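Residue numbers (the UniProt record's numbering): 1 to 812.
Ideal Cβ positions, reconstructed from N, Cα and C, are used throughout, including at glycine.
Treat the numbers as computed from the prediction; the structure is a model and nothing was measured.
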Amino acid sequence: MNTEKGSANSKIKDWFGKKFVPAMNRLGSQRHLAAMRDAFGTLLPLTITGSLGLIIGSIGFAGGGSGFVSILGLIAKMVHPDYANAEITNFIQSDPVFSKIWLIGTYTFNQLNTITIGYTAIWFSFTLGYFLSLSRNFKSPILAGFASTIGFMATTMGNVDFFKGAEGLISAIIFGIIATELFVYLSNVRALYIKLPDGVPPSVSKSFAVFLPFLITALIMAGMNLVVFIPAFFFKDFFRVNTSQFFSATNDANANTLKALFDAIKNSTDGIMDETAFQAWLAKAPAGIQNMDQDLLKSIIKSLNELTNSNLSETQMFEKLKTMYEGYSGTEQQYFTTVFAFMSGMAKEIYSFNSLASMQFIEQNGNLIFLLKYQAVSINYDQFGLSAAIYQFFVSFLLTFAKGSGGLGLALAYAFFISFLWFFGIHGSNVVNGAFSPIWSMLNIINLTLISAVGYETAVKTGEMGTFAAPIFDCFMNVGGSGASLALIVGTFVFSKRQDNKKISTYAGPCGVFQINEPIVFGFPIVLNSRYLAPFILAPMVNIFIAWLASPDVMNLTGYAVLTVPWTTPFFIASPLTYIYGAGWAFVVALVCFAASFGIYTPFIIMDNILHFKKIRKENIEEYNRQMRFFNDPFYRAGEKLANKVERIVSGGEAAIGNAESQNRFWEQKVTDPVKLENRKARNLDVANIKVDFYDYKAEVVKEIGESRNNIYKEAWEKPRRINELKFDLHEKLLSKQVTDIKSEKLALQEKIKAIKEEFVAKMPSIKEEQAKAKATHSQFKKSKIDQVKARKAEMISKIKEVKEAYKAKKG
Numbered sequence: 001m002n003t004e005k006g007s008a009n010s011k012i013k014d015w016f017g018k019k020f021v022p023a024m025n026r027l028g029s030q031r032h033l034a035a036m037r038d039a040f041g042t043l044l045p046l047t048i049t050g051s052l053g054l055i056i057g058s059i060g061f062a063g064g065g066s067g068f069v070s071i072l073g074l075i076a077k078m079v080h081p082d083y084a085n086a087e088i089t090n091f092i093q094s095d096p097v098f099s100k101i102w103l104i105g106t107y108t109f110n111q112l113n114t115i116t117i118g119y120t121a122i123w124f125s126f127t128l129g130y131f132l133s134l135s136r137n138f139k140s141p142i143l144a145g146f147a148s149t150i151g152f153m154a155t156t157m158g159n160v161d162f163f164k165g166a167e168g169l170i171s172a173i174i175f176g177i178i179a180t181e182l183f184v185y186l187s188n189v190r191a192l193y194i195k196l197p198d199g200v201p202p203s204v205s206k207s208f209a210v211f212l213p214f215l216i217t218a219l220i221m222a223g224m225n226l227v228v229f230i231p232a233f234f235f236k237d238f239f240r241v242n243t244s245q246f247f248s249a250t251n252d253a254n255a256n257t258l259k260a261l262f263d264a265i266k267n268s269t270d271g272i273m274d275e276t277a278f279q280a281w282l283a284k285a286p287a288g289i290q291n292m293d294q295d296l297l298k299s300i301i302k303s304l305n306e307l308t309n310s311n312l313s314e315t316q317m318f319e320k321l322k323t324m325y326e327g328y329s330g331t332e333q334q335y336f337t338t339v340f341a342f343m344s345g346m347a348k349e350i351y352s353f354n355s356l357a358s359m360q361f362i363e364q365n366g367n368l369i370f371l372l373k374y375q376a377v378s379i380n381y382d383q384f385g386l387s388a389a390i391y392q393f394f395v396s397f398l399l400t401f402a403k404g405s406g407g408l409g410l411a412l413a414y415a416f417f418i419s420f421l422w423f424f425g426i427h428g429s430n431v432v433n434g435a436f437s438p439i440w441s442m443l444n445i446i447n448l449t450l451i452s453a454v455g456y457e458t459a460v461k462t463g464e465m466g467t468f469a470a471p472i473f474d475c476f477m478n479v480g481g482s483g484a485s486l487a488l489i490v491g492t493f494v495f496s497k498r499q500d501n502k503k504i505s506t507y508a509g510p511c512g513v514f515q516i517n518e519p520i521v522f523g524f525p526i527v528l529n530s531r532y533l534a535p536f537i538l539a540p541m542v543n544i545f546i547a548w549l550a551s552p553d554v555m556n557l558t559g560y561a562v563l564t565v566p567w568t569t570p571f572f573i574a575s576p577l578t579y580i581y582g583a584g585w586a587f588v589v590a591l592v593c594f595a596a597s598f599g600i601y602t603p604f605i606i607m608d609n610i611l612h613f614k615k616i617r618k619e620n621i622e623e624y625n626r627q628m629r630f631f632n633d634p635f636y637r638a639g640e641k642l643a644n645k646v647e648r649i650v651s652g653g654e655a656a657i658g659n660a661e662s663q664n665r666f667w668e669q670k671v672t673d674p675v676k677l678e679n680r681k682a683r684n685l686d687v688a689n690i691k692v693d694f695y696d697y698k699a700e701v702v703k704e705i706g707e708s709r710n711n712i713y714k715e716a717w718e719k720p721r722r723i724n725e726l727k728f729d730l731h732e733k734l735l736s737k738q739v740t741d742i743k744s745e746k747l748a749l750q751e752k753i754k755a756i757k758e759e760f761v762a763k764m765p766s767i768k769e770e771q772a773k774a775k776a777t778h779s780q781f782k783k784s785k786i787d788q789v790k791a792r793k794a795e796m797i798s799k800i801k802e803v804k805e806a807y808k809a810k811k812g
């Protein structure tokens, strides 16, 4: 039975080693996924610039709203110190001077968001084609980038404005890859190569050489639209893109906008109040309005006509509209909203009267914000291309799923697979991001575009923003890199007694702070280390769950991300920067995520210690005793640390010799004159030997200073040494089962420890007195030795200079 079980385990290990791991590595380096990864990475400066433009526009030139006072708001407050925040906002937007500054500032900086993040699909399609063609060793990657962009835009059927942002990202990936691969393939067909005379400039010749492949690629990509364009004329209602549309205004700041809106409704309703005109109008109305209950439709139109024909001011009509809307039931409100949008001329074509249609009247700093949301046709059947098909039949459902309850499931799966693949030594992010990054990027682009259009508070109220935008993972999930491994590093310093792991953690710590975890993954290692598999997978999953709890989906502590920062930004800096509207809570949540990861790793660190020392006690008792002494004897531990420090200094001289020898091997390949070569080699070795002498001297000085310091505390360290040795002796007896009465042994141990403590209580005054004298002597000794090292360093620099000048003179 055991033989069969062992055979099965062996087969599983063999399958993982020979099949699974190589397959995942190939997937991680697959050219299309690699090109997508590089393309997204290249767009990071654009994303950061767009985010900062939005922040500068808000912080610099917004008003006194949203609980914050902008720089312009502070200046306005200095002019009118008696104004409240809401009044400051109204003053800025109505004052002749401040309003111009406000408009200039917001338009100047907010447009950065539009031209960067708002055009992500366009920029991404170009960089995708560029990097994909490079992987094919194509000689004109810029032209390949253009082919990718043109190929993608050809499938939009002229609706570039709709697909330029998040809506077109998936289409940009699919059709950018197809167009690039097609263009590169056709460019290698010699029959399509056009050779110009030698006198033509190379740039023109190179571009004209691939003219036919470029033209054919564009024609094919445009022609592919016929697959969905022809059926669209036969199934008009099925082949069209519907999206949520928004309109927002305030009762004060946008009075002119509201007036135009109410005037449009008045003009639309005045002519259809009698039955004959109404029936004639209804016959030409969209099917959704024709299918409405006529009594309800007439009631809504009559109410709107009476409202817009009243002598009320725009602000009063605004208030009455709110009362009117709230007087309808839930379903009637949906119809009222859609009829309002249609009669006002905002909606070119109503798509549906479903639950997504709504009006909101938001109270904010004394102002009412009017938010209208309805479903309208954005792309009709006569412009329905492949990009529209991808969006309508796939992307819209994916976004709805990711923004809804499915977002948490996707995020947890993302966290799981990254850590799971890293466990096998596969770069999890490289493999998984190909599938998940477009989703997180789309959500981030949608959020930022919506904020740029209607402002943060109004954007939140639309219900269209997504929690799991790209920044959430670097701010909360990956605290210290994949697996939230910074907590493992800190936990190792606190709880581990393994010298090897502590040394690795020392070097990995700075990397972990900057979200880089390879030193831990391959140094501990995490790879194929079953002791750390569970926490490595569990920690990031718990972190993303905590981030979701703090998000607007549940507790609404952090708000939504409005800024993108590089993934190497430390999590405690990235979180408040990214979630600027909930910066304080974002910082707290990031610390909670770190604490949760720390708590998850801690029992496994302790377990690793127990198993490690149990193993070496059995296999190498001398090493076990040495390590136990290291932790039990402070004087010995200080001596070992000093020895390591001295060794590191001496290695500086060894590195100098190694560098000199490496340089000499290099010059052996480059210099043909044997005399010149020997002089240069001798010079390099002479300089290296001078450095060796200095590092050896410095190491001796550091050793003397360290031994002097350690001797100061030697007597005081006797107390913990003796107590630790007593505990260790009892522990060893328990492990060897030499103790029959454990309780009495522990009581005896406590008595011995008590006696030692009492002994040192009596001795401590004299010990401290001796330490004070020794510290004074040590301080003078240390200063003298440091001065000697500085003098020796100056001497070393002078000798090196003399050697170089001597060889230079010899050369001359």
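Within the region 451-524, the runs of alpha helix (DSSP H) at least 4 residues long that lie entirely inside it are, in chain order, 456-461, 486-495, 499-513 and 518-523.
When the beta-carbon positions are compared, Y381 and K284 stay at least 8 Å from each other. Between S378 and F162, the gap from beta carbon to beta carbon is short of 8 Å.
Restricting attention to G652, P576, K703 and V692, the CA atom closest to the CA of K785 is found in K703. F598 and G455 do not touch by the CB rule: their CB atoms are close to 38 Å apart, not below 8 Å. Under the 10 Å beta carbon count, M465 is surrounded by 16 or more other beta carbons and is classified as buried. The beta carbons of V589 and T558 sit closer together than 8 Å. Residue environment analysis places T276 among the exposed positions, since fewer than 16 neighbouring C-beta atoms fall within 10 angstroms of its C-beta. Between the alpha carbons of K164 and T120 lies a gap of roughly 6 Å.
Counting of Cβ neighbours within 10 angstroms places A411 among the buried residues, the total reaching 16 or more. Residue pairing of I379 in beta bridges, as defined by DSSP: V241. Between the beta-carbon of A596 and that of N543 there is about 6 Å, and that keeps the pair under the 8 Å contact cut.
DSSP places M224 in the coil class of the three-state scheme, outside both helix and strand. By the Cβ test, the region 750-770 is not in contact with the region 664-678, since fewer than three Cβ pairs between them sit closer than 8 Å. Using a 10 angstroms sphere on the CB of H427, the tally of other CB atoms reaches 16 or more, which defines it as buried. By the C-beta criterion, the region 133-148 is judged to be in contact with the region 165-184, since at least 3 inter-stretch pairs fall below 8 Å. Taking all protein chains shown into account, M343 has 16 or more neighbouring C-beta atoms within 10 Å of its C-beta and is therefore buried.
When secondary structure is reduced to three states using DSSP, S329 falls in the coil class, being assigned neither helix nor strand. Sixteen is the threshold: when 16 or more other Cβ atoms of the shown chains lie within 10 Å of the Cβ of G168, as they do, the residue is buried.
In this structure the region 627-638 lies against the region 722-733, because at least three pairs of beta carbons, one per stretch, are closer than 8 Å. Ranked by how close their Cα comes to the Cα of E732, the residues V592, T108, A643 and I621 have I621 in first place. Segment contact: the region 793-803 against the region 741-757, fewer than three CB-CB distances shorter than 8 Å; contact not assigned. Contact between G480 and A487 holds: their C-beta atoms lie close to 7 Å from each other, under 8 Å. Pairwise C-beta distances place the region 531-538 in contact with the region 605-620, as three or more of them are shorter than 8 Å.
Taking the C-beta atoms as reference points, C475 is found nearer than 8 Å to A586.
Looking at the DSSP output, K775 shares a beta bridge with no other residue.
In this model, Y107 and I573 are separated by some 29 Å (Cα to Cα). S303: member of the alpha helix (DSSP H) spanning Q294 to T308, first to last residue. Taking C-beta separations shorter than 7 Å and ignoring five residues to either side along the sequence, the partners of L212 in its chain run L192 and I194, following chain order.
In the three-state reduction of the DSSP assignment, Y185 falls in the helix class.
Straight-line measurement puts the Cα of K804 at about 15 Å from the Cα of Q663. Rounded to whole angstroms, the Cβ separation of V562 and L443 is 13 Å, and the two are not in contact under 8 Å. In terms of Cα proximity to A655, the closest of G639, Y695, E668 and A643 is Y695. When the Cα atoms are used, G639 and Y414 turn out to be separated by approximately 47 Å. Contact check between the region 219-229 and the region 288-308: fewer than three CB pairs, one atom from each, fall below 8 Å, which does not count as touching.
Residue pairing of M359 in beta bridges, as defined by DSSP: L372.
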